[in-house]
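Read the structure below first, then the notes.
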Amino acid sequence: MSVSTRFFTWNRRLCHRLQHFLPHAVEHPIASFGGIVAQRAAARPGQRILDVGGGKTAAFEPNRDAGDFLIAMDVSAQELSRNQAVDAQVVGDASRGLPFADGSVDLVVSRAVIEHLDDPGRFVLDSARVLRAGGSCVHVFPTRWAPFAIINRAIPNAVARALLRMLQKDSPYFPKDNCGFHAYYRDCTYSRMRAHLERAGFEVVETRLGWFQSYYFDFFLPLYLLSVAYELAIRALGLRDLCPYVLLVAERRPPRA
Ligand SMILES: C[S@@+](CC[C@H](N)C(=O)[O-])C[C@H]1O[C@@H](n2cnc3c(N)ncnc32)[C@H](O)[C@@H]1O
1 MSVSTRFFTW NRRLCHRLQH FLPHAVEHPI ASFGGIVAQR AAARPGQRIL
51 DVGGGKTAAF EPNRDAGDFL IAMDVSAQEL SRNQAVDAQV VGDASRGLPF
101 ADGSVDLVVS RAVIEHLDDP GRFVLDSARV LRAGGSCVHV FPTRWAPFAI
151 INRAIPNAVA RALLRMLQKD SPYFPKDNCG FHAYYRDCTY SRMRAHLERA
201 GFEVVETRLG WFQSYYFDFF LPLYLLSVAY ELAIRALGLR DLCPYVLLVA
251 ERRPPRA
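Take the sequence shown: its letters are residues 1 to 257, numbered as in this note's numbering.
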């Protein structure tokens, strides 16, 4: 192990010990996503669930006993080819429309995908089209003004990948082959996404905000502490559009009679 790797690992261990004392670090929306989707899926047997940007893993377990049918859609055929947990795979760009019939899906979900779309508004509108009336969606995404997202936008993608590889080599938060996809963070704030959903005819029924993002900086304790101070401040001030992670659950309103 090189000296720099040992240095980063030592800092990370220290930061992770401190993390137990940070009240806002406990419940992360990315971690809550699977349970929330599973709960929605369990509400009704035989649902057709569309996991957009499903990639190489299903981020939740479909309810096989209830006969759920899980479809993963992804722009990358290569990512999808490794996804064993689903019933069907569809290659397609979610910013260019969803290749499904009107009202043919019960649940549309995405985890860490909206930041990669160049037109989230179009994606949300098309989700409303493919969902049956009363169907719902669950989306969790990192947001535009999070410090890590600002840095990610400011540097070329190849540099961002190299930095992650170097600084976060052995981190449990950055699985080696599931990070570093090009991200735009377009419309990725609480209010912009909420507005897109409402404009498309959804009612937002649950919101979870995740304020903790300092694990991006756990390779160097002083930077980590600075980042923790920042997120505690924006949390205390309730600055929702600065909050680094958002999970939204929304239901498609039935059309007016
Ligand atoms: C960070 S990974 C998340 C994968 C998976 N949802 C998870 O939580 O493990 C982002 C995924 O979004 C996919 N993706 C990126 N742009 C996309 C687009 N325009 N349409 C559909 N999928 C896209 C990538 O190929 C990748 O599989």
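Where a beta carbon is used, it is the ideal one built from N, C-alpha and C, also for glycine. No experiment lies behind these values; they were computed from the predicted model shown.
Uninterrupted alpha helix (DSSP H) stretches at least 4 residues long and entirely within the region 94 to 182 occur at 120 to 130, 147 to 154 and 157 to 167, given in chain order. Note on Trp10: under 16 other CB atoms within 10 angstroms of its CB, so exposed under the neighbour-count rule.
With fewer than 16 other CB atoms across the displayed protein chains lying within 10 angstroms of its CB, Met166 is exposed. Closest in alpha carbon position to Ser104, among Leu70, Leu247 and Glu231, is Leu70.
For the pair Leu242 and Ile155, the Cα-to-Cα distance works out to about 20 angstroms. Rounded to the nearest angstrom, the Cβ distance from Arg132 to Asp106 is 6 angstroms, consistent with a contact under 8 angstroms. Within the model, the alpha-carbon separation for Tyr185 versus Pro142 is close to 8 angstroms. Within the same chain, Ile36, Val37, Val109 and Val249 come within 6 angstroms of Val138 by CB-CB distance, once the 5 residues on both sides are set aside. In this structure, the beta-carbon distance from Glu79 to Gly97 does not fall below 8 angstroms.
For the set Pro222, Met1, Gly210 and Pro172, the Cα lying nearest the Cα of Leu232 is the one of Gly210. Beyond the five residues adjoining it in sequence on each side, Ala128 comes within less than 8 angstroms, by CB distance, of Ala200, Gly201, Phe202 and Arg252 in the same chain, given in chain order. A residue is called buried when at least 16 other Cβ atoms come within 10 angstroms of its Cβ; Gly134 does not meet this threshold and is exposed.
In this model, Arg192 and Lys176 are separated by some 30 angstroms (Cα to Cα). In the three-state DSSP reduction, Phe219 falls in the coil class, being neither helix nor strand.
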